[in-house]
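Below is one structure, written out as structure tokens; comments come after it.
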Amino acid sequence: MKERFRRSVHKPLLTLSAQAAVTLPATFSDHMVLQSGKPVPVWGTADANTEVTVAIAGQRKTTKADAEGQWLLKLDALTASAEPLTLTVGDKTIKDVLIGEVWLGSGQSNMAMAVQSAKDFEGTKAAATLPQIRMFTEASAASPSAQTLGKGTWVVCTSETVGRFSATAFFFGRTLHAALRIPVGLINSSVGGTPIESWISPEAQQASEELKPFFAATKQADAQFDEEKTKSAYDRQVLQWTDTVKKAKAEGKPLPRKPLPRKPRDPLETRKRKGNVGGLFNGKIAPLIPYAMRGAIWYQGEANSADVKAPFYQHQLTLLAKDWRKRWNDEFSFAWVQLPNFTRAGEGWMIVREQMMNALSTIPNSGMAITLDIGDPKNIHPTNKQDVGFRLAQWALGSVYQKDVPAICGPLIETATAKGGEMALTFKHAKGLTAKGDLTGFELAGADGQWQPAEAKIVGETVIVSAKAVAEPKQVRYAWKDNPTASLFNGAGIPASPFRK
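Following this line, the structure appears as structure tokens:
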């Protein structure tokens, strides 16, 4: 759809004899939630040069489709309401529409992970009669070009439906709803195993000077990819798996858990699903633009933790936020989940964490949920999505909605000052700074750059770090491991972000 807004005009509330036949994006459907407090774009297609009227809550506006049949108008800001309303758009009638807060959740498998796979599903299910929470799951696939309509439906939260909701998005939305007492609409557009470059428009990435070295490196990796060899290896794995299953069934034995716990995944299909550069933006984000929303939450980074990719993550995350905001024409709020504790070889996992923390300074109106204490060392998909959603919501409530919360984030390193053989560290969000167990995970390095274990103590809201092996410290770092023990927390019980300074 062309990125332009047509001037709309107020019309008297009259019954029109005929309404234009319109086609609408999938997000405009029964049970939808419209954003309150800001203008609401409504758009679609109709016959060329025909008038389209949109009406809801006492508003009626009309615009005209252009020569290509495209049209867009903006409703005036709506007031939050849990009363089911009807939205009429041309010849379409959309029922059970609520007005409240709308958030987009995107990323890879940890955002896609459903409530039914999170911990305590039975408890969540028993308390899930929450009709003012609705979720739209974008079901379209990657695409080589930007799409407009999308696929999916809005689903009302009940004990029968909640299991299929994105767990992170649901627990985030549930906390907002409990605090704000207004409807919450959640849009889930996420795909497991996908890198961030799939989710940013290809045009924005191609124009980025910072990412030229990234694409040079990935181009070399792509050139080395042998499709025929990969397919042959996969076919052999499937054949071995099939023979193993047949043998187990013939002998009346349970299916083996090792070495083949499940049917091998097709690497070519996985490669296709990732959408290459910008493919998932085209297929799963573009159809949502410019649906009015308060903000977006992002849970991704695992697929960019290889050492060759990790150093670019701050640039990519910053570009994603900038590009999405530009296309929405809205500086909406944006927050992400920092990678948790998990056993992963190499430094890439730690570097992505660092890049995520650094992005707080390059993305305005942003936040980060620190999850260093709630991951799973052996599972890249930790099941505690309750605390992930809650920490994102604490940021939103305190920063976006100006509510009084204990803290919007865990401690973030601010300054490191060397004096008398010690390092004095100060932090943002450090009220009630405390240790859980022994204060561990700190290291110091001198001019030689060699890291040595260090002792640390809390003095007020400052941490003093020293090491006998480092007489004149030049650098300090904390929790610089893939699976560290989180020991430094603020009074709200949120851990400090790992750092090096």
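In terms of my numbering, the sequence shown has 428 at position 428, counting the first letter as 1, and numbering is strictly consecutive.
Cβ atoms here follow ideal geometry from the backbone N, Cα and C, with glycine treated the same way.
What residues in its chain sit with their C-beta under 7 Å from that of residue i, if we drop five residues either side in the sequence?
i: Ala509; result: Residue 509 cannot be examined here, being either before or after the span of the chain that is shown, 1 to 501.
i: Lys258; result: Note on Lys258: pLDDT 49, under 50, position unreliable in the model; the coordinate value appears next. Excluding positions up to five away in sequence, the list is empty.
i: Leu87; result: Ile56, Ile94 and Val97
i: Asn384; result: Lys119 and Ile374
i: Asp30; result: Ile94, Lys95, Asp96 and Trp154
i: Ser143; result: Gly279, Asn282 and Gly283
i: Asn483; result: Asn341, Phe342, Thr343 and Pro377
i: Asp76; result: Pro39 and Gln59
How many angstroms separate the CA atom of residue i from the CA atom of residue j?
i: Asp404; j: Lys64; result: 45 Å
i: Phe165; j: Leu339; result: 21 Å
i: Glu251; j: Phe171; result: 45 Å
i: Asp376; j: Pro406; result: 26 Å
i: Ile413; j: Ala26; result: 43 Å
i: Ala303; j: Thr194; result: 6 Å
i: Trp199; j: Gly279; result: 7 Å
i: Gly493; j: Leu392; result: 14 Å
i: Arg353; j: Gly295; result: 22 Å
i: Ala447; j: Thr485; result: 27 Å
i: Leu13; j: Glu83; result: Summary for Leu13: the model assigns pLDDT 42, below 50, so the residue's position carries little reliability, and this model does not support an answer.
i: Leu260; j: Lys246; result: For Leu260, the pLDDT reaches just 45, beneath the cut-off of 50, and the residue's location in the model is therefore unreliable, although a value from the coordinates is still provided. One C-alpha to the other measures close to 13 Å.
i: Leu85; j: Arg327; result: 28 Å
i: Val277; j: Ser201; result: 8 Å
i: Met113; j: Pro382; result: 10 Å
i: Arg236; j: Thr244; result: 12 Å
i: Asn282; j: Leu72; result: 20 Å
i: Lys229; j: Val115; result: 38 Å
Taking residue i as the reference, give the member of the options with the closest Cα.
i: Lys284; options: Lys378, Ser140, Ala127 and Lys457; result: Ser140
i: Glu331; options: Tyr313, Gly346, Ala292 and Pro311; result: Ala292
i: Val156; options: Ala142, Leu149 and Arg174; result: Arg174
i: Arg181; options: Gly163, Gln132, Ala207 and Thr158; result: Gln132
i: Gly105; options: Trp336, Gly193, Glu197 and Val459; result: Trp336
i: Gly69; options: Val52, Arg60, Glu83 and Gly193; result: Val52
i: Ala467; options: Thr23, Val459 and Val476; result: Val476
i: Val388; options: Gly295, Val162, Ala169 and Asp30; result: Ala169
i: Ala479; options: Ile494, Phe499 and Asp47; result: Phe499
i: Gly421; options: Phe390, Ile351 and Ala469; result: Ala469
i: Pro411; options: Gln402, Val400, Leu425 and Lys419; result: Leu425
i: Met350; options: Phe390, Ala369 and Asp307; result: Asp307
i: Gly441; options: Val465, Gln116 and Ala46; result: Val465
i: Lys428; options: Asp47, Gly192 and Phe489; result: Phe489
i: Arg325; options: Asp47, Ala46 and Ile289; result: Ile289
i: Ala48; options: Asp66, Gly123 and Gly58; result: Asp66
i: Val459; options: Ala435, Trp451, Ala418 and Lys474; result: Ala435
i: Phe390; options: Ile408, Gly163 and Tyr401; result: Ile408
Is the beta carbon of residue i sitting closer than 7 Å to the one on residue j?
i: Lys333; j: Asn365; result: The identity of residue 333 in the sequence shown is Ser, whereas the question assumes Lys. In contact: Ser333 and Asn365 (Cβ atoms closer than 7 Å).
i: Ile196; j: Gln314; result: no
i: Ala179; j: Leu397; result: yes
i: Ile99; j: Leu78; result: yes
i: Ala454; j: Glu461; result: no
i: Ile380; j: Phe342; result: yes
i: Lys501; j: Ala416; result: yes
i: Asn188; j: Thr148; result: no
i: Ala310; j: Ile363; result: no
i: Ser487; j: Gly432; result: no
i: Trp103; j: Leu34; result: no
i: Val54; j: Val40; result: no
i: Ser159; j: Lys125; result: yes
i: Gly449; j: Ser399; result: no
Answer yes or no: the CB of residue i versus the heavy atoms of the ligand NAD, is any distance below 6 Å?
i: Phe342; result: By its list of ligands, the structure shown contains no ligand whatsoever, and the ligand NAD lies outside what it can speak to.
Taking the continuous beta strand (DSSP E) assigned at residue i, which residues delimit it?
i: Asn110; result: Element bounds for Asn110: not the beta strand (DSSP E) but the alpha helix (DSSP H), Ser109 to Ala112.
i: Val388; result: That residue, Val388, is in no beta strand (DSSP E); its alpha helix (DSSP H) goes Lys385 to Trp395.
i: Ala179; result: Run containing Ala179: none in the beta strand (DSSP E); it sits in the alpha helix (DSSP H), Ala167 to Leu180.
i: Gln70; result: Gln70 to Leu75
i: Val124; result: Looking at the sequence shown, residue 124 is not Val but Thr. No beta strand (DSSP E) contains Thr124, which is instead part of the alpha helix (DSSP H) from Phe121 to Ala126.
i: Gln35; result: Val33 to Gln35
i: Asn365; result: No beta strand (DSSP E) holds Asn365; DSSP gives it neither H nor E.
i: Gly185; result: Val184 to Ser190
i: Gln147; result: Note, Gln147: premise wrong, no beta strand (DSSP E); not H, not E.
i: Ile408; result: Where Ile408 is concerned, there is no enclosing beta strand (DSSP E), given that its DSSP letter is neither H nor E.
What residues in its chain sit with their C-beta under 6 Å from that of residue i, if we drop five residues either side in the sequence?
i: Gln19; result: Gly90 and Asp91
i: Val184; result: Gly100, Glu101, Ile133, Gly173, Leu176 and His177
i: Tyr299; result: Gly107, Asn110, Met111, Thr168 and Val337
i: Glu210; result: His315
i: Gly301; result: Leu339 and Val352
What span of residues does the alpha helix (DSSP H) with residue i cover, start to end?
i: Gly44; result: Element bounds for Gly44: not the alpha helix (DSSP H) but the beta strand (DSSP E), Val40 to Ala46.
i: Gly348; result: Gly348 to Asn358
i: Phe427; result: Not the alpha helix (DSSP H): Phe427 falls in the beta strand (DSSP E), residues Glu422 to Lys428.
i: Glu461; result: Element bounds for Glu461: n/a, residue is neither H nor E.
i: Gln314; result: Tyr313 to Trp328
i: Glu203; result: Pro202 to Gln206
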